[in-house]
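Peer 1: Take this structure first; my questions come after.
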Amino acid sequence: MTTSQIVVVMVSVIIGAVLKSTSGIGMPFVTIPAISYIATIEEAVVVGALPNLALNLALVWAQRSHWSRTRDLARLSAFAFVGGAAGTFLLVSLPEKPLIAVLILVVLGYVALKLASPEFAVGPETSHRWAPVVGSAAGIMQGAVGISGPIVVSWVQSLRLDRNAQILAVTVLFAAAGISQFPVLVASGELKGLWIVTLAACIPALATVPLGSRIRDRLSSAAFDQFVLALLVFSA
1 MTTSQIVVVM VSVIIGAVLK STSGIGMPFV TIPAISYIAT IEEAVVVGAL
51 PNLALNLALV WAQRSHWSRT RDLARLSAFA FVGGAAGTFL LVSLPEKPLI
101 AVLILVVLGY VALKLASPEF AVGPETSHRW APVVGSAAGI MQGAVGISGP
151 IVVSWVQSLR LDRNAQILAV TVLFAAAGIS QFPVLVASGE LKGLWIVTLA
201 ACIPALATVP LGSRIRDRLS SAAFDQFVLA LLVFSA
């Protein structure tokens with residue numbers, strides 16, 4: 001990559017990482033569109049994969065004490081892991097536009113439901129039954145186009161978890177998909193020539209964790225939910 005391309009990568013990673021450290025989501029929403037302007041969509045997914053995974057793991061560790069307040073997280077993450085590997089194999093063969101269209105429909109559908117029924121919630125039996133579908137879909141989208149946030153966040157928000165449990169849930173799912181995605185990228189040679197920039201991008205990404213925590217602590221529960229919803233709308 002050229003110097004100007006590396007600058008675009010680093011700036012987009014910093015902006016996306018601040019959003020993610022605050023809300024649990026947002027990094028791929030920024031990095032993939034930004035990097036795809038100066039590279040291919042495949043390169044954007046590949047370059048953003050490791051810093052996104054590193055940040056997810058850091059947030060999982062920071063919020064690990066809230067596991068008991070999540071729901072079906074082990075089940076969801078297991079299917080996200082499998083889906084992440086499958087989606088990565090499909091990265092170079094699936095057209096991204098139909099997949100992005102699906103994500104947009106998911107976002108718009110959830111936002112419409114949220115506005116029409118603010119108290120909507122998915123019960124324990126329903127969430128357990130649909131966990132394999134949601135986890136697999138999230139993993140496949142993460143592997144194929146690098147963005148699974150609309151699916152993950154729409155689902156986790158519908159469980160009505162508190163903010164720390166919500167951040168833990170979404171980052172565990174992202175991490176599960178990312179852990180299965182990254183070895184496939186390495187084995188397939190997709191990272192050839194991109195190792196230095198993707199490793200370097202991990203540094204500013206991880207540095208945003210304390211800042212995101214401070215911003216999050218200043219938000220009320222209602223403001224936090226509105227912030228996450230705004231990020232979802234932005235992602236569409």
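Going by the numbering used here, the residue at position 39 of the sequence shown is 39; the numbering climbs one at a time, nothing skipped. Here a beta-carbon is modelled for each residue, glycine too, at the ideal position from N, C-alpha and C. Quick caveat: nothing in here was measured; it's all calculated off a predicted structure.
#1: Run the CB neighbour count on Ala230, radius 10 Å, all protein chains shown included, and call it buried at 16 or more, exposed below.
#2: Taking the alpha-carbon positions, what's the Ser36 to Glu43 distance?
#3: Hey, out of Met27, Tyr110, Val170, whose CA is closest to Met10's CA?
#4: Do Ala85 and Gln149 have their beta-carbon atoms positioned less than 8 Å apart in this structure?
#5: Give the DSSP-derived three-state secondary structure of Gly212 in the structure shown.
#6: So, with DSSP's three-state summary, where would you put Met1?
#7: What are the uninterrupted segments assigned as alpha helix (DSSP H) that are 4 or more residues long and contained completely in the region 134-159, given in chain order?
#8: Using beta carbons (cut-off 8 Å, strictly below), is Val30 in contact with chain B?
#9: Going by Cα to Cα distance, which pick from Gly178, Ser180, Phe182, Val153 is closest to Ala169?
#10: Taking DSSP as the reference, what is the three-state secondary structure of Phe81?
#11: Would you report the Cα separation of Val184 and Val47, rounded to the nearest angstrom?
#12: With a CB to CB cut of under 7 Å and the five nearest residues on each side skipped, what residues in its chain are close to Ser158?
#13: Out of Pro210, Leu219, Pro51, which one is the CA nearest neighbour of Phe182?
Peer 2: Per the coordinate set shown:
#1: exposed
#2: 7 Å
#3: Met27
#4: It should be pointed out that residue 149 corresponds to Gly in this sequence rather than to Gln. No. Outside cutoff.
#5: helix
#6: coil
#7: 149-158
#8: This model lacks chain B altogether, as it is built from one protein chain only.
#9: Val153
#10: helix
#11: 14 Å
#12: Phe120, Ala121, Val122
#13: Pro51
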